[in-house]
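Following: one structure in structure tokens, then a few remarks.
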Amino acid sequence: MRNIVVIGTQWGDEGKGKIVDLLTPHFDIVARYQGGHNAGHTVVIGDKKFILRLLPSGILHQQTTCIIGNGVVVDPQALKAEIAELKAVGINVENRLWISSRAHLIMPYHRAIDIATEDALGSEKVGTTRRGIGPTYEDKISRRGLRIADLLEKESFRQKVLVNLDSVNQRLKANGQTLADDKEVYENYFQAAESLTKFIRDTTYFLNKAVKEGKSLLLEGAQGTMLDVDHGTYPYVTSSSATAGGAAIGTGLGPNKITGSLGIAKAYATRVGSGPFPTELNDEVGKHIRELGNEFGSVTGRARRTGWFDALIVRYSVMVNGLNTIALTKLDVLDELAEIKVCVGYKLNGKEINEVPSTASALEKVEPIYKTVPGWQQTTAHIKDYEQLPEKARDYIKLLEDLIECPIGMISTGPERDETIFLPNDLMKDWLM
4 MRNIVVIGTQ WGDEGKGKIV DLLTPHFDIV ARYQGGHNAG HTVVIGDKKF
54 ILRLLPSGIL HQQTTCIIGN GVVVDPQALK AEIAELKAVG INVENRLWIS
104 SRAHLIMPYH RAIDIATEDA LGSEKVGTTR RGIGPTYEDK ISRRGLRIAD
154 LLEKESFRQK VLVNLDSVNQ RLKANGQTLA DDKEVYENYF QAAESLTKFI
204 RDTTYFLNKA VKEGKSLLLE GAQGTMLDVD HGTYPYVTSS SATAGGAAIG
254 TGLGPNKITG SLGIAKAYAT RVGSGPFPTE LNDEVGKHIR ELGNEFGSVT
304 GRARRTGWFD ALIVRYSVMV NGLNTIALTK LDVLDELAEI KVCVGYKLNG
354 KEINEVPSTA SALEKVEPIY KTVPGWQQTT AHIKDYEQLP EKARDYIKLL
404 EDLIECPIGM ISTGPERDET IFLPNDLMKD WLM
């Protein structure tokens, strides 16, 4: 049994799309288990760049079955557009894409609530993508959400929408905000939703049957550990379980059916939106990393905040997710730097600590303790053999391994599939059999 979960170890945008795409040929099924179209997984193949928001990153491989699990929230219009984008370049998803009947639907009124809530928070805003993801999960937990399965009962579905819409409008009106009842918007929504009914399936049974038949699964998370609703920098988090535990909840697989976990970490750190970021660089070095690493949101286009690698954050992720190994990405972005810093501890209220505080307010106050190492100032871009890396780059990788207490099994040296180094790691060999 070989069922692996892929998780971001920082604040998302670590390069999960490339890694999942790279691993896909070695697995039968790729399943996305949480998040919505606030995620943007980028895959580069030759001169083509794909940005996948709801579809699993394995969808670019025609032989692979892909699942949108029950833990994902789905905007039918966004998904329909994404499917059309792939079809336009010759990638057909029919008969190999299935959407869980238990996944929840993002409604137009969820977007209205998201925008109104963020605007009302002013300087205290979370920094959401304003796409309705949070309010959809809110409705799910409040037991008033609408699910993919509801689309199969057309008239009943429309009636449920009207009931929810009335409640939403009362809430928005009480706050002096715009009502969410544009008829044309909802007609367009219903048309998009109806086009997806052919993809609906009880994926919980489908996945468990596949495991029983000996098929291998790659479980793809969105965002990253520090955006997990329980384990991240709350309240500056996403609204779902982005950690490895979420893979069981978001697919319907029992925990004993997940056999390994791969963490993705950048060789530095980035964050989008508000919230604490201990190693943030608001200087020329930060700007250099942003520009060289093209650190702009693949979905929103927002400039990402940049900072040094934070070993405490990634070590925390190793612990929370039970990571077996790490894929280190964007090493080449650091090539030109004369010196590189790594956060090895924090100082809080004058006292040194080596754990990540559980509150955002405490994490805002920490002072990072850095270890400074010399840069290699040689290109690592496109290198495919570990021994060809500059010695100082190898020293940096070894330092990170020691600090995060987890072996590094892959190193990405560019956006293309083949710009990857596989280290002599028995676990990785087993996964790529």
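The numbering of the sequence shown is the numbering used here, which starts it at 4 and goes up by one. Here a beta-carbon is modelled for each residue, glycine too, at the ideal position from N, C-alpha and C.
Given residue i as reference, the closest of the options once Cα atoms are compared
{"i": "Y112", "options": "D185, I144, W311, T362", "result": "D185"}
{"i": "F280", "options": "E367, A195, D231", "result": "E367"}
{"i": "G227", "options": "I386, M4, K19", "result": "K19"}
{"i": "R438", "options": "S103, F160, N172", "result": "Outside the displayed span of the chain (4 to 436) sits residue 438, for which this structure offers no information."}
{"i": "K21", "options": "M229, K333, K163", "result": "K333"}
{"i": "D338", "options": "P377, V8, N357", "result": "P377"}
{"i": "G417", "options": "L25, D169, P238", "result": "L25"}
{"i": "A152", "options": "H29, K395, V77, K354", "result": "V77"}
{"i": "A190", "options": "A91, G148, M110", "result": "The question names Ala, but residue 190 is Glu in the sequence shown. Out of A91, G148, M110, M110 has the C-alpha closest to the C-alpha of E190."}
{"i": "D335", "options": "F312, I316, A384, G353", "result": "A384"}
{"i": "D122", "options": "I54, E88, N178, L165", "result": "N178"}
{"i": "N297", "options": "E283, T282, T273", "result": "T273"}
{"i": "D142", "options": "L108, L165, S104", "result": "L108"}
{"i": "V359", "options": "A314, Q380, I400, L326", "result": "A314"}
{"i": "Q66", "options": "V92, L100, Q180, P427", "result": "L100"}
{"i": "I437", "options": "V369, A270, P427, K387", "result": "This structure cannot speak to residue 437, because the chain is shown only from 4 to 436."}
{"i": "R134", "options": "T241, L265, A34, G148", "result": "T241"}
{"i": "L89", "options": "L426, F30, L63", "result": "L63"}
C-beta atoms of residue i and residue j nearer than 8 Å
{"i": "A268", "j": "T12", "result": "yes"}
{"i": "Q37", "j": "G253", "result": "yes"}
{"i": "R307", "j": "G300", "result": "yes"}
{"i": "G61", "j": "L221", "result": "yes"}
{"i": "I86", "j": "V75", "result": "no"}
{"i": "T375", "j": "E342", "result": "yes"}
{"i": "T139", "j": "N41", "result": "no"}
{"i": "G39", "j": "I136", "result": "yes"}
{"i": "G289", "j": "T309", "result": "yes"}
{"i": "K260", "j": "M431", "result": "no"}
{"i": "V347", "j": "I407", "result": "no"}
{"i": "I70", "j": "A247", "result": "no"}
{"i": "T236", "j": "P371", "result": "no"}
{"i": "W454", "j": "Y373", "result": "This structure does not reach residue 454, given that the chain is present from 4 up to 436, and the question cannot be answered."}
{"i": "Y319", "j": "S277", "result": "no"}
{"i": "L326", "j": "G266", "result": "yes"}
{"i": "T207", "j": "L154", "result": "no"}
{"i": "V164", "j": "L182", "result": "no"}
{"i": "A34", "j": "G93", "result": "no"}
{"i": "T328", "j": "N428", "result": "yes"}
Under the three-state DSSP convention, the category residue i falls into
{"i": "R308", "result": "strand"}
{"i": "A213", "result": "helix"}
{"i": "G20", "result": "helix"}
{"i": "N428", "result": "coil"}
{"i": "E283", "result": "strand"}
{"i": "E158", "result": "helix"}
{"i": "L108", "result": "strand"}
{"i": "F30", "result": "coil"}
{"i": "V75", "result": "strand"}
{"i": "R94", "result": "The question names Arg, yet the displayed sequence has Ile at residue 94. DSSP places I94 in coil when its eight states are reduced to three."}
{"i": "D405", "result": "helix"}
{"i": "R2", "result": "The question about residue 2 has no answer here: the residues shown for the chain are numbered 4 through 436."}
{"i": "I70", "result": "strand"}
{"i": "R35", "result": "strand"}
{"i": "R318", "result": "helix"}
{"i": "E127", "result": "helix"}
{"i": "D169", "result": "helix"}
{"i": "R150", "result": "strand"}
{"i": "D313", "result": "strand"}
Terminal residues of the beta strand (DSSP E) in which residue i lies
{"i": "W101", "result": "100-103"}
{"i": "Y373", "result": "370-377"}
{"i": "F425", "result": "423-425"}
{"i": "N6", "result": "6-11"}
{"i": "A195", "result": "Taken as a continuous stretch (DSSP letters only), A195 belongs to no beta strand (DSSP E), being part of the alpha helix (DSSP H) at 186-197."}
{"i": "S415", "result": "411-415"}
{"i": "L331", "result": "328-332"}
{"i": "V359", "result": "Neither: V359 is in no beta strand (DSSP E) and is coded neither H nor E."}
{"i": "V232", "result": "Where V232 is concerned, there is no enclosing beta strand (DSSP E), given that its DSSP letter is neither H nor E."}
{"i": "K344", "result": "342-351"}
{"i": "E298", "result": "Run containing E298: none; DSSP gives neither H nor E here."}
{"i": "L222", "result": "220-223"}
Residue interval of the alpha helix (DSSP H) (run including residue i)
{"i": "I118", "result": "111-124"}
{"i": "S60", "result": "No alpha helix (DSSP H) contains S60, which DSSP labels as neither H nor E."}
{"i": "G137", "result": "136-144"}
Closer than 8 Å to chain B by CB, residue i
{"i": "L100", "result": "Absence of chain B from the displayed structure is noted, only one protein chain being present."}
Inside the region 235-279 only - alpha helix (DSSP H) runs reaching at least 4 residues: For the region 235-279, whole alpha helix (DSSP H) runs of length 4 or above, ordered along the chain, are 248-252.
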